[in-house]
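Colleague:
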Amino acid sequence: MANSQNSQVRVRFAPSPTGDLHVGNIRTALFDWAFARHTGGTFIFRIEDTDKERVTDEYIQRAIDTLKWLGLNWDEGPEVGGPNGPYLQSERLAIYKEWADKFLTSGAAYHCYCSSEELEAERERQRAANVAPGYGGTCRNLTADQIEKFKAEGRKPVLRMRMDDGSTTFVDEIRGEVSFDHKYVPDFVLMRADGSPLYTLAVAVDDVMMKVTHVLRGEDLLSSTPRQIQVYKAMGLKPDEYPTFAHLPFVMGQDNAKLSKRNGEVSIAWYREQGFLPEAICNYLALLGWSPGDDREDITMKELVELFEVHDVHSSPARFDMKKLEAINGDKIRALSPDEFLKWSLPFLTNAGIISGTDAELNLVKAALPIIQERIVKLDEIPAMLKFLFVKEFAVEADSKEKIKDDQSKQVLKRALEVLEPLASWNHEAIEGALRAALVEEMGLKPRIAFGAVRIAATGSHISPPLFESMELLGKEASISRIKGAISL
RNA sequence: GGCCCCGUCGUCUAGCGGCCUAGGACUCUGGCUUCUCAAGCCAGCUACGAGGGUUCGAAUCCCUUCGGGGCUACCA
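Just so we're on the same page, our numbering is the position in the first sequence counted from 1, plus 27.
1. Whose CA, out of Asn-168, Ala-171, Arg-244 and Gly-46, lies closest to the CA of Glu-200?
2. Note down the Cα distance separating Glu-408 from Thr-271, rounded to an integer number of angstroms.
3. Three or more C-beta pairs under 8 Å: does that hold for the region 324-334 against the region 301-311?
4. With distance defined between alpha-carbon atoms, name the residue in Ile-403, Glu-401, Lys-405 and Leu-416 nearest to Leu-389.
5. Going by DSSP in three states, Tyr-311 sits in which element: helix, strand or coil?
6. Report yes if the C-beta distance between Pro-492 and Ile-399 is below 8 Å; otherwise report no.
7. List in chain order: all unbroken beta strand (DSSP E) runs of 3+ residues lying wholly within the region 318-386.
8. Can you say whether Gly-104 is buried or exposed, counting buried as having 16 or more other CB atoms within 10 angstroms of its CB?
9. So Gln-301 and Lys-405 are in contact, right, with Cβ under 8 Å, and what is the actual spacing, rounded?
10. Tell me whether His-455 sits in a helix, a strand or coil according to DSSP, three-state version.
11. Within 10 angstroms of the Cβ of Ser-343, are there 16 or more other Cβ atoms? Answer buried if so, exposed if not.
12. Straight-line CA distance for Ala-148 to Leu-169?
13. Any idea what DSSP makes of Pro-110, helix, strand or coil?
14. Out of Arg-154, Glu-499 and Leu-225, which one is the CA nearest neighbour of Val-185?
15. Distance, Cα to Cα, Asp-247 vs Phe-495?
16. Can you give the Cα-Cα distance for Ser-206 and Gln-257, rounded to whole angstroms?
17. Go ahead and label Met-237 buried or exposed: buried means 16 or more other beta carbons lie within 10 angstroms of its beta carbon, across all protein chains shown.
18. Apart from the five residues just before and just after Ala-63, which ones in its own chain have a Cβ nearer than 7 Å to its Cβ?
19. In the DSSP assignment, what are the bridge partners of Arg-39?
20. Output the distance between the C-alpha atoms of Asp-234 and Tyr-123, rounded to the nearest integer angstrom.
21. Please state whether the Cβ-Cβ distance between Lys-428 and Leu-516 is less than 8 Å.
22. Taking a contact to mean a Cβ-Cβ separation below 8 Å, would you say Phe-368 touches Pro-410 in this structure?
23. Which residues bound the alpha helix (DSSP H) around Thr-252?
24. I need the straight-line Cα distance from Leu-97 to Pro-305, nearest angstrom please.
25. To the nearest angstrom, how far is it from the Cα of Lys-370 to the Cα of Lys-419?
26. Please determine, among Ala-261, Ile-74, Asn-157 and Asn-100, the residue with the shortest C-alpha to C-alpha distance to Gln-88.
27. Can you tell me which residues form a DSSP beta bridge with Cys-139?
28. Check for me: the beta strand (DSSP E) holding Gly-18 runs from which residue to which?
29. Rounded to whole angstroms, how far is the Cβ of Lys-183 from the Cβ of Ala-155, which I believe are closer than 8 Å?
30. What residues match up with Gly-302 in a beta bridge as DSSP calls it?
31. Beta-carbon within less than 6 Å of Pro-253's beta-carbon, same chain only, minus the 5 sequence neighbours each way: which residues are those?
32. Helix, strand or coil for Glu-408, going by three-state DSSP, please let me know.
33. Assuming Phe-72 and Trp-101 make a contact with CB atoms under 8 Å, what is their CB distance in whole Å?
34. By the 10 Å Cβ neighbour count, where 16 or more other Cβ atoms means buried, how is Ala-484 classified, buried or exposed?
35. Hey, how far is the Cα of Asp-92 from the Cα of Ser-436?
36. On the criterion of 16 or more Cβ atoms from any shown chain inside 10 Å, does Gly-479 qualify as buried, or is it exposed?
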């Protein structure tokens with residue numbers, strides 16, 4: 028698949044795990060991955076954990092697990108290593124320090140002794156005066172004396188990048204040419220007073236050091252691009268050596284706000300618990316901001332890799348629609364082979380305490396899965412659907428119970444009992460034949476009425492998998508005894 | 001406020017000057033099928049934000065306007 032022309036493509040997914048990876052992150056990861064695979068390039072996974080206040084080890088581990096679960100395998104990054112590591116920014120501090128020193132020496136950056144309070148006050152004034160907020164350049168050209176004075180006051184400096192005059196123009200693969208006047212890009216901080224790097228420093232240094240050729244990331248980073256480019260310049264890169272940028276549109280919540288806890292679940296872990304298949308999530312997310320160009324919507328990972336082009340990605344944001352995800356998930360579940368469906372189902376059954384894992388249970392599950400496969404949208408519906416086959420203390424659901432207390436129901440159940448008990452072979456054809464002859468033809472009842480009562484008696488609910496198959500699986504003894512029990516309700 | 005990005009059915013999208021009385025999918029509504037629930041099948045509702053240009057012709061190009069969003073941190 029790799030061809031020589033594109034084999035040098037290197038893309039990275041570089042989240043800052045300040046929480047669980049969410050739908051938006053994953054869409055970005057998916058596109059990064061698809062682009063790398065499509066071009067036969069390298070997919071790099073880097074953890075941006077420079078903000079120690081917010082990033083935790085647990086979130087980092089969960090991010091790794093999530094990507095693995097989704098099948099977005101990486102060529103360089105945590106666990107697999109690679110020639111350009113380490114891939115955790117917290118382990119690259121010496122590298123940032125080295126570059127920071129170079130920038131200071133070359134004059135590309137300078138020490139700024141302004142305190143947070145002073146800067147805040149400055150911004151306040153700018154807002155009041157209605158001018159562009161940003162660092163005014165107080166410490167841009169400090170004399171040796173001034174520096175000594177600040178040091179004597181005990182001030183610790185941050186390292187600030189010196190933006191040059193003029194503007195930055197670059198071609199975004201998705202948005203076309205984008206231009207920023209440096210009037211609106213103030214000198215920005217590269218390093219905190221404690222010597223730790225900021226995003227703007229680390230991201231640019233890493234992308235260069237890791238030889239990243241394409242930066243596909245969220246639209247929220249679009250306006251920080253001139254700052255990255257300024258760092259590239261300070262590192263001595265020529266414009267044709269900069270990575271290519273492509274800013275992906277947002278994935279929005281239902282109410283048109285940025286996705287958050289408040290409007291719909293954002294954590295992928297939640298989708299996993301609900302019984303969404305990774306393939307469904309990826310398929311749905313792929314359709315948010317991208318399409319294969321025709322009316323196809325059922326996309327496998329393989330097809331995504333074949334078809335994905337950055338140029339086909341939209342520039343406009345997309346709303347997340349749970350209903351559509353569910354529809355796709357249902358389609359994907361139906362398309363599962365019996366073995367795959369079994370594999371996905373088992374954890375849900377055991378976690379719900381429906382089965383403990385004995386061979387007998389396994390065989391029953393295997394036999395029962397085909398009759399529910401086309402009736403579920405999410406895997407977490409399985410326990411409730413198959414519960415009637417395994418439950419030790421059988422009881423009819425309260426709302427269904429009311430429906431079989433009338434005389435007609437009692438008669439139906441009694442008659443059902445009479446024709447079922449003598450049945451020699453217990454299979455769904457025989458059960459259906461007997462019941463249909465007795466209840467529909469003989470008693471003249473509508474099938475839904477006749478079978479409805481039996482359904483409630485046998486499965487405990489007026490909603491169940493197909494009745495005759497269910498009774499076959501349940502077995503003759505249990506079926507008979509449940510019908511008897513229902514008659515005496 | 002300033003800078004930047006974005007604007008086709010409720011939602012995701014097809015559309016790159018004539019094939020568009022705008023197509024598909026999800027949702028919703030009605031129907032068929034039917035042992036319930038699903039699945040499946042059929043039908044229906046609903047969109048080019050607005051206003052100006054350019055052009056023989058515009059959803060497609062330009063301008064304005066309105067609307068939405070992002071950034072404006074010693075967050076990313």
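From the three backbone atoms N, C-alpha and C, an ideal C-beta is built for every residue, glycine too.
Model, not experiment: these values are computed from the prediction.
Modeller: In short, the structure shows the following:
1. Arg-244
2. 45 Å
3. yes
4. Cα-wise, what sits closest to Leu-389 is Leu-416.
5. helix
6. yes
7. none
8. buried
9. Distance from Gln-301 to Lys-405 at the Cβ level is roughly 5 Å; contact confirmed, criterion being Cβ atoms closer than 8 Å.
10. helix
11. Per the 10 Å Cβ criterion, exposed.
12. 20 Å
13. coil
14. Leu-225
15. 56 Å
16. 14 Å
17. Burial call: buried.
18. Val-36, Val-38, Thr-69 and Phe-70
19. Ile-71
20. 12 Å
21. Cβ atoms of Lys-428 and Leu-516: closer than 8 Å.
22. no
23. 252-261
24. 5 Å
25. 24 Å
26. Ile-74
27. Note: Cys-139 sits in a beta bridge opposite Val-185.
28. Residue 18 lies beyond the residue range present for the chain, which begins at 28 and ends at 516; the question has no answer from this structure.
29. Between Ala-155 and Lys-183 the Cβ distance is about 29 Å, and since that is not below 8 Å, they are no contact.
30. DSSP output for Gly-302 lists no bridge partner at all.
31. Excluding residues within five positions, the ones whose Cβ falls inside 6 Å are Thr-195, Phe-207 and Val-212.
32. helix
33. About 4 Å separates the two Cβ atoms, so the contact holds.
34. buried
35. Taking the Cα positions, Asp-92 is about 53 Å away from Ser-436.
36. buried
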